[in-house]
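Using the working numbering, the first residue of the sequence shown is number 21, and each one after it goes up by one.
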Amino acid sequence: MFTKGRIVGLLESSRSQTEVSRILNVDQSVISRLWQRFQRTGDVTRQPVSGRPRVITPRQDQYLVISARSKRGSTARALGSALTVATGIRISRQTVYRRLNHASLYARRPAVSIPLTSAHKRARLNWSSKHQNWSVGEWANVMFSDESRFSLNSDSRRVTIWRERGTRFEPRNIMERHHFPSRGVMVWAGIIMEGRTDLHFFDTGSVTAQRYRDEVLEPYVRLFRGAVGPDFIFMDDYAPCHRAVLIDDFLETENIQRMPWPANSPDSNPIEHVWDMLGREIADLSYPPSSVTELKRALQEA
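In structure tokens, the structure reads:
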């Protein structure tokens, strides 16, 4: 209060706001707001603020922030529940988001860390250099394909963490890609510039080379090769079932050209955006699938 009084006194003695800022080492914007308030109300104290009172105290705010930073993968609901256990205060998810946003913490998808050796990095660079000048017409002949697993648990492809802006690639905010062994479904799909395949579900068991040939290459890839013509190029990764002699023989017999693909490069495959979109659609459902049948239906309708 004493400093506020000095500010007003100096301004009333014809000092400029810039001079007062320098004399008292107070930001000029603070001085400007204080002077406007004094001229409007004749007082330098803050007036009572209308509206709803704060739901939680600054100390409880601090508890939320510490919890979010120590357990960055926690959901807003889990953080709110932890606060309730610790303090007895119940707050909504929206309040958790607001209080953490106020502390510059935001729910964001983590960067995914893929372990790369020097050889992997060289192969990726060579592949990029070789294809950097391809025309749109050349890319239009390429079918990108891959498998992905969707789980009945909280969406395995939509994990978020709490982090500050500009810190996405700091080590504490990077998560390694995990496998999800819980109940779910393995899906294959292929995309090309002018179209896509249907989703194909591998219902039971692992994906063998024979299943890959009989359930994917025969009914989907071979037909697209016929539609596009001899310039068609098929991209799949280095999964063991994709690189068996049985598969090489089939592609050669059907005159299907395969695009060389650097190992450990799923993040370079455009179809990852399709899997991400499907994961978001499933996660946003009002009633999440409770069975594999419901999960399949939801994926097909997404």
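Think of the CB as a built atom: it goes at the ideal place given N, C-alpha and C, for glycine as much as any other residue.
Can you find the residues in the same chain that come closer than 8 Å, C-beta to C-beta, to residue i, ignoring five residues on each side of it along the sequence?
{"i": "Leu315", "result": "Phe170, Leu172, Gly204, Val205, Ile302, Pro309"}
{"i": "Glu214", "result": "Ala160"}
Tell me the DSSP secondary structure of residue i in three-state form.
{"i": "Val323", "result": "Look at the range of the chain in this structure, 21 to 322, and you will see that residue 323 is not part of it."}
{"i": "Trp159", "result": "helix"}
{"i": "Ile181", "result": "strand"}
{"i": "Ile212", "result": "strand"}
{"i": "His198", "result": "In this prediction, His198 has a pLDDT of 48, which is less than 50 and means its spatial position is unreliable; nothing more can be read from the coordinates."}
{"i": "Arg300", "result": "helix"}
Return the CA-CA distance between residue i and residue j, expressed in angstroms with no decimal places.
{"i": "Arg245", "j": "Ile212", "result": "11 Å"}
{"i": "His122", "j": "Arg92", "result": "16 Å"}
{"i": "Val241", "j": "Phe270", "result": "11 Å"}
{"i": "Ile181", "j": "Arg300", "result": "16 Å"}
{"i": "Arg60", "j": "Val28", "result": "13 Å"}
{"i": "Pro286", "j": "Glu292", "result": "7 Å"}
{"i": "Arg142", "j": "Ala209", "result": "28 Å"}
{"i": "Phe252", "j": "Asp81", "result": "58 Å"}
Need the endpoints of the beta strand (DSSP E) that residue i sits in, please.
{"i": "Arg128", "result": "126-128"}
{"i": "Trp147", "result": "Run containing Trp147: none in the beta strand (DSSP E); it sits in the alpha helix (DSSP H), 138-151."}
{"i": "Ala247", "result": "Run containing Ala247: none in the beta strand (DSSP E); it sits in the alpha helix (DSSP H), 242-248."}
{"i": "Phe252", "result": "No beta strand (DSSP E) contains Phe252, which DSSP labels as neither H nor E."}
CB-CB under 6 Å to residue i, same chain, minus the five flanking residues each way: which ones, in chain order?
{"i": "Asp256", "result": "Ser165, His262"}
{"i": "Ile276", "result": "Arg245, Phe254"}
{"i": "Ala322", "result": "Leu298, Glu301"}
Could you check where the alpha helix (DSSP H) with residue i kicks off and where it finishes?
{"i": "Val105", "result": "96-107"}
{"i": "Phe58", "result": "48-61"}
{"i": "His122", "result": "113-122"}
So residue i packs on residue j, CB below 8 Å; how close in whole Å?
{"i": "Leu125", "j": "Arg192", "result": "Actually they are not in contact, since the Cβ atoms of Leu125 and Arg192 sit about 13 Å apart, beyond 8 Å."}
{"i": "Arg188", "j": "Ala131", "result": "5 Å"}
{"i": "Ser87", "j": "Leu99", "result": "5 Å"}
{"i": "Trp140", "j": "Pro282", "result": "One detail in the question is off: residue 140 reads as His in this sequence, not Trp. Yes, they are in contact, since the Cβ atoms of His140 and Pro282 sit about 7 Å apart, within 8 Å."}
Measuring only between beta-carbons, confirm whether residue i sits less than 8 Å from chain D.
{"i": "Glu235", "result": "No chain D appears in the structure shown, which is made up of a single protein chain."}
Please work out which residues of its chain come closer than 7 Å, Cβ to Cβ, to residue i, disregarding the five sequence neighbours upstream and downstream, and give them in chain order.
{"i": "Gly225", "result": "none"}
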